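**Student:** Using the working numbering, you'd call the opening residue of the first sequence number 432 and step up by one each time.
Please see the structure below; I have some questions.
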Amino acid sequence: MRFSQLLLPTLKEDPAEAEVISHKLMLRGGMIRKLTAGVYSYLPLGLAAIRKVEQIVREEMNRAGAQEVLLPMVQPADLWEESGRWEKYGPELLRFKDRHQRESCLGPTHEEVITDLVRKNIHSYRQLPVNLYQIQTKFRDEIRPRFGLMRGREFIMKDGYSFDVDEAGADVTYQKMHDAYQRIFTRCGLAFRAVEADTGTIGGSFSHEFMVLAATGEDVVVICQHCDYAANLEKATAQAEKDSRSEAPKEAEKIATPGRKTVSEVCEFLQIPHENLVKTMIYLADGQPVAVLLRGDHEVQPVKLQNLLGAQEVELADDGKVTQLAGAPAGYLGPVGLKIPLVMDQAVAGLVNFVTGANEADCHLVNVNSGRDFTPQHTGDIRMVNEDDRCPRCGGKLALTRGIEVGHIFKLGKNYSKALNATFLDDQGQSRHFVMGCFGIGVSRTVAAAIEQSHDRDGMIFPLPIAPFQVILLNLTPKDAEITAEAERLYRALTAAGIEVLLDDRDERPGSKFKDADLIGIPIRLMVGKRFKNDGLLELRTRSDGQTSEATPAAAEAVIREMVAAADKATTSDHD
RNA sequence: CGGGGCGUGGCGCAGCCUGGUAGCGCGCCUGCCUUGGGAGCAGGAGGCCGGAGGUUCGAAUCCUCUCGCCCCGACCA
């Protein structure tokens, strides 16, 4: 492709609308343009990167035995009513009526449609397992779209759905998809981790998120520094806390703690470590109040709490509600004598003679003991892991790092097959529900994540496998016939060798060409300029490390072919 | 949905407080000149100042309403 003919409107300055780096660079690099909030047009360069990711996804899905389909984007409400999600899904589902006043929606995901397709067309265990995927534009009417392609309303997604005869089969499929995802993100040239994730309200047994590691990620990932344990913050657990219950329980006593409300204030006043104080927080679980007991140095993980209680949603009660329920202001709450259900974090179970609020302003209780002074209705892991915690598997040090979720796989079980009554006949002639799995990849987000992960002050630094072009060839002096002839010859030769070359043939000064080449992050830069005229040498430079070398045209061509071949070799798949 | 900010040539911004009919940098077009890290000179094109209503002799500027966009939040006693 010739730069002079490519719609590649680069910008010198950061557009005011962009905050995060990938958004700024994609706008500056002429890859995307915004149409309206969370909705973007993909320009040729942006689309080229997206197509690269798509192709890798396609190859690996096919290799794993999945089949590509393309499902409708506009969907009838009936199906969603059948699954129960027409009510449940909420405002993210964009609903509208067609000309016949039929309720419809834009597909944010395709469990309903795929299950409908399969129930109508697959009737025997002999046809199973089957794994279907598509790569398509999704629409989710996000509360707050932001950060360009990172959280758009309209975005490109690969979504796949598997159908197995039983749990064992579904486990095999799940593992295949896990492996395929590992290959996909490895091939994309990204640093990532597969982390254990919460399965949420869908239930099911297992779920992994694939996180691209980047300081600007929205999600927090917990990674063991010694073994391969990795989980997201909603799911992560820590090695069990020390148990101090060998100590003899002492008699509980009420003491005055005037004006000391926070954990730090009380602990400082009483000269005790934070872990010896148990804080009490009132939550509303689906509207019902519960008191949550937690060590002073720990924090609640709401999703864990939600799961322990089997609640749809939990929220912290406001101060007015707290005072009304506990008879004391926030800061002085405790489990002793509270009339609402108690939920205790398991770390508290290992404590003896701890401090709590007294449910009375300016008072706390010391030497409180669980089982003697109060009895929790629920005990479990409801706290957030922190940097002081140790790995639950190996005891190694845990690190909290940030990531961008680019893939998510989980087992759906029979949720949708039951709701939509999707069945097949097994080898006994019995009707059974499909056991399903669901596997997503944010394709457009993956491109943004790659940029978040890899850039410098001059611009993007694309990994070779997903770069829009592999080589940018700069003709530094288009007015010079000899230099131009060589640039054109190289362009033809490299292109003929199957290498994707962007020829900068614009009548611009060299500085502008360097700046644009750096900005759009093409991995290999080849330059023809006056040095070619003087001593027949070209200059070769790699974007990632800035390494520059001079070479004869023949040598440069050979090096480039080798670099591209090496990347291809690492990413080429065998097709079944 | 709550809070904050912003809408002025393609992009980045000034002008608004203290009304008098729009300006700067970049980009774009023409010419000269220049050609290894976003050159220089000269000439030029391009704006219903987000929209509607109001106040006024007069509104980008003041008032009201409205639309759009961006950021933060919607979790810790």
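Using N, Cα and C, we set each Cβ at its ideal position, and we do this for glycine too.
Values in this document were obtained by computation on a predicted structure and should not be read as measured data.
What residue range does the alpha helix (DSSP H) around T832 cover?
**Tutor:** Counting along the chain, T832 falls outside any alpha helix (DSSP H), though it belongs to the beta strand (DSSP E) covering L829 to G844.
**Student:** In the DSSP assignment, find the alpha helix (DSSP H) that holds G600 and state where it starts and stops.
**Tutor:** Start and end: E598 to R618.
**Student:** On a Cα-Cα basis, can you pick out the residue from M462, N784 and T467 that is closest to I703?
**Tutor:** The residue with the shortest Cα to Cα distance from I703 is N784.
**Student:** Measure how close the beta-carbons of L856 and H554 come, nearest whole angstrom, since I'm counting them as under 8 angstroms.
**Tutor:** Right, the Cβ-Cβ distance comes to about 6 angstroms (below 8 angstroms), so this counts as a contact.
**Student:** Using C-beta distances below 7 angstroms, list every residue in its chain close to D938, excluding the 5 sequence neighbours before and after it, in chain order.
**Tutor:** Excluding positions up to five away in sequence, the list reads P909.
**Student:** Tell me P720's beta-bridge partners as DSSP assigns them.
**Tutor:** L715.
**Student:** Kindly identify the DSSP beta-bridge partner or partners of N562.
**Tutor:** BP columns for N562 point to S593.
**Student:** For F865, is the classification buried or exposed, using 16 other Cβ atoms within 10 angstroms of its Cβ as the cut-off for buried?
**Tutor:** With 16 or more other Cβ atoms within 10 Å, it is buried.
**Student:** I'd like the list of long-range same chain contacts for Y922, defined as Cβ closer than 7 angstroms, with 5 residues on each side in sequence excluded.
**Tutor:** If we look at Y922 and ignore the five residues flanking it on each side, its Cβ neighbours are L904, V932 and L934.
**Student:** So, helix, strand or coil for R557, using DSSP?
**Tutor:** DSSP places R557 in helix when its eight states are reduced to three.
**Student:** Measure how close the beta-carbons of V694 and K710 come, nearest whole angstrom, since I'm counting them as under 8 angstroms.
**Tutor:** About 6 angstroms; that satisfies the 8 angstroms criterion.
**Student:** For V484, name the three-state secondary structure that DSSP assigns.
**Tutor:** Note: V484 maps to helix in three-state DSSP.
**Student:** Say whether the region 652–669 touches the region 805–819, bearing in mind that this needs 3 or more beta-carbon pairs closer than 8 angstroms, one atom from each stretch.
**Tutor:** Yes: the two stretches touch, three or more of their Cβ pairs being nearer than 8 angstroms.
**Student:** By the 10 Å Cβ neighbour count, where 16 or more other Cβ atoms means buried, how is D1007 classified, buried or exposed?
**Tutor:** At D1007 the pLDDT is 44, less than 50, meaning the model places this residue with poor confidence; the figure from the coordinates comes in the next sentence. With fewer than 16 other Cβ atoms within 10 Å, it is exposed.
**Student:** Name the two residues that bound the continuous beta strand (DSSP E) containing Q506.
**Tutor:** Where Q506 is concerned, the enclosing beta strand (DSSP E) stretches over V505 to P507.
**Student:** Counting pairs of Cβ atoms below 8 angstroms between the region 468–485 and the region 509–518, do you hit three or more?
**Tutor:** Counting Cβ pairs under 8 angstroms, fewer than three are found: no touch.
**Student:** Are the CB atoms of I587 and V874 nearer to each other than 8 angstroms?
**Tutor:** A contact, by the Cβ cut-off of 8 angstroms.
**Student:** Please list, in chain order, all residues of the same chain as K681 whose beta carbon is under 6 angstroms from its beta carbon, the five residues on each side excluded.
**Tutor:** Excluding residues within five positions, the ones whose Cβ falls inside 6 angstroms are N784 and N798.
**Student:** Which residue comes first and which comes last in the beta strand (DSSP E) that contains K465?
**Tutor:** It spans I463 to T467 - the beta strand (DSSP E) in which K465 sits, taken as one unbroken run.
**Student:** Alpha carbon to alpha carbon, how far is E883 from I481?
**Tutor:** If you take the alpha carbons of E883 and I481, they lie about 15 angstroms apart.
**Student:** For the candidate residues S453, D804, L747 and C825, whose alpha-carbon lies nearest to that of C658?
**Tutor:** C658 has its Cα closest to that of C825, out of S453, D804, L747 and C825.
**Student:** Could you tell me whether the Cβ atoms of I615 and H886 are closer together than 8 angstroms?
**Tutor:** Not a contact, by the Cβ cut-off of 8 angstroms.
**Student:** Please report how far the alpha carbon of M642 lies from the alpha carbon of A879, in whole angstroms.
**Tutor:** C-alpha separation (whole angstroms): 13 angstroms.
**Student:** Taking buried to mean at least 16 other C-beta atoms within 10 Å of its own C-beta, is K607 buried or exposed?
**Tutor:** Flag for K607 reads buried.
**Student:** How long is the line joining the alpha carbons of R624 and V561, rounded to whole angstroms?
**Tutor:** Going by the C-alpha atoms only, they are around 27 angstroms apart.
**Student:** Give a yes or no on contact between the region 675–692 and the region 793–808, applying the rule of three or more CB pairs nearer than 8 angstroms.
**Tutor:** Enough Cβ pairs lie closer than 8 angstroms, so yes.
**Student:** Report the CB separation of H639 from V626 in whole angstroms; it is logged as a contact under 8 angstroms.
**Tutor:** 7 angstroms between Cβ atoms; contact.
**Student:** Report the residue from A759, T540, E678 and D629 whose alpha carbon sits nearest the alpha carbon of K569.
**Tutor:** That would be T540, whose Cα lies nearest to the Cα of K569.
**Student:** Give the C-beta separation of M457 and G579 to the nearest angstrom, bearing in mind that I take them to be a contact with Cβ-Cβ under 8 angstroms.
**Tutor:** Indeed, because the Cβ distance is near 6 angstroms, the residues count as touching under 8 angstroms.
**Student:** Report all residues from its chain with a CB closer than 8 angstroms to the CB of A468; omit the five preceding and five following residues, and keep chain order.
**Tutor:** Only P576 and R584 meet the Cβ criterion.
**Student:** Following the continuous beta strand (DSSP E) through Y471, name the residue where it begins and the one where it ends.
**Tutor:** V470 to Y473 is the span of the beta strand (DSSP E), which, as asked, contains Y471.
**Student:** Would you tell me roughly how many angstroms separate the C-alpha atoms of G942 and G977, rounded to the nearest one?
**Tutor:** Whole-angstrom Cα-Cα distance: 16 angstroms.
**Student:** Considering only residues of the same chain and omitting the five flanking positions on each side of A850, which have a CB-CB separation below 7 angstroms?
**Tutor:** These residues qualify, in order along the chain: E513, S514 and G515.
**Student:** Per DSSP, G871 is paired with what?
**Tutor:** According to DSSP, which records beta bridges pairwise, G871 is partnered with D590 and H839.
**Student:** I'd like the ranges of any alpha helix (DSSP H) spanning at least 4 consecutive residues and lying wholly in the region 775–833.
**Tutor:** Correct list: 777–780.
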